[in-house]
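K.L.:
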Amino acid sequence: MILCRTIAELKNELIQIKQSNDQATIGLVPTMGFLHEGHASLMRQSAEENTASVLSIFVNPLQFGPNEDFERYPRDEARDLAIAKENGIDIVFMPDVKEMYPSKPRTSVIVSQLTERLCGASRPGHFDGVGLVVSKLFHLVQPDRAYFGMKDAQQLAVIQQMTDDLNIPVEIIPCPIVREPDGLALSSRNVYLSAEQRQQAVVLSQSLSLAKEWVKERGMTSEDLIARVKAKISEAGQAEIDYVEWLTYPTLELPAGNEPIANHKGKYILALAVKFGSTRLIDNALFVPNTEVN
């Protein structure tokens, strides 16, 4: 496994791969580091499906708001490199901020509509930062496939739209959410939770599991479902709900009217964001009405 800290080093390694095998395929797993089994599952899938796999580790300041956790975002370089090596990564690209942004960027990659709800509403500018850094990574690595977890379902939808709109020649591979044995979705931010908050945080996956049963009830509407999910989450004393929304996926639009969910056509997402203390967690499940998808 090769560690590249500069763009020049990365490009040199990629050129060598292509020169040694002009049919080589490249997989990219973009991350902000502090890796866990969710990231590892993406790496393994990339390693299985490509000649070579690139893992990027970059805590991107442009996707953090002024009152968010950029400075204290967890980092552990040695541990990340060990996990990458164990899971089939060939190249780790780990630039610093000056390498990725030698001067203040004057270009934005804005995906409209998809970014106006959910995390985009509560974190203005977040997805502009995501769009720019992912676009840069796609241009630098020129991967055949890029792997993203479904836990960040809105991010996945935004990146797919950006890729389609700009005709970027990369296949976006959605990968399933990976959970702890008690159901909590894996997240680098879970480390911030106190013991009590960690115990209460399972209410997110519990509410999604209940929702899978509730949507089957005759006459259940999205408003009724959201109310039930909010009531369930509120049973956790430290839970502060940011949003609970039922939207079309991947277009992230509100369903027309308040018809029973059984009448809804296509795929939907039930998406949650909840704070426990200063730690904001997200989770989701996908549905085709009355048929569980994820």
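Sequential numbering of the sequence shown, starting at 44, is according to the numbering used here. Virtual Cβ for every residue (Gly too), placed ideally from N, Cα, C. For clarity, every value in this text was computed on a predicted model and none was experimentally measured.
What does DSSP give as the partner residues of ASP123 in its beta bridges?
P.N.:
Per DSSP, none; premise fails for ASP123.
K.L.:
Less than 6 Å between C-beta atoms, sequence neighbours within five positions excluded: which residues of the same chain meet that for ASN337?
P.N.:
Because the pLDDT of ASN337 is 43, which lies under 50, any placement of that residue in the model is unreliable, and the question is left without a value.
K.L.:
If you draw a straight line from the C-alpha of MET109 to the C-alpha of ARG115, how long is it?
P.N.:
Correcting the residue identity first, residue 109 is Pro in this sequence and not Met. Answer to the nearest angstrom: the Cα atoms are 13 Å apart.
K.L.:
Any contact of the segment 311-318 with the segment 281-295, i.e. 3+ C-beta pairs under 8 Å?
P.N.:
yes
K.L.:
Tell me where the beta strand (DSSP E) around VAL287 begins and ends.
P.N.:
282-291
K.L.:
DSSP state of ILE132, grouped into three classes?
P.N.:
coil
K.L.:
Assign LEU209 to one of two classes, buried (16 or more other C-beta atoms within 10 Å of its C-beta) or exposed (fewer than that).
P.N.:
exposed
K.L.:
Could you spell out the range, first to last residue, of the alpha helix (DSSP H) harbouring SER178?
P.N.:
169-184
K.L.:
Measuring alpha carbon to alpha carbon, tell me which residue in GLU142, GLY76, ALA95 is nearest ARG118.
P.N.:
GLY76
K.L.:
Between ASP225, MET263, SER231, which has its C-alpha nearest VAL340's C-alpha?
P.N.:
There is no way to answer for residue 340, as the model of the chain reaches only from 44 to 337.
K.L.:
Does the distance from the C-beta atom of GLN198 to that of PHE191 stay below 8 Å?
P.N.:
Yes.
K.L.:
Would you mind sorting GLY320 into buried or exposed? The rule is 16 or more other CB atoms within 10 Å of its CB.
P.N.:
Around the beta carbon of GLY320, fewer than 16 other beta carbons lie within 10 angstroms, which makes this residue exposed.
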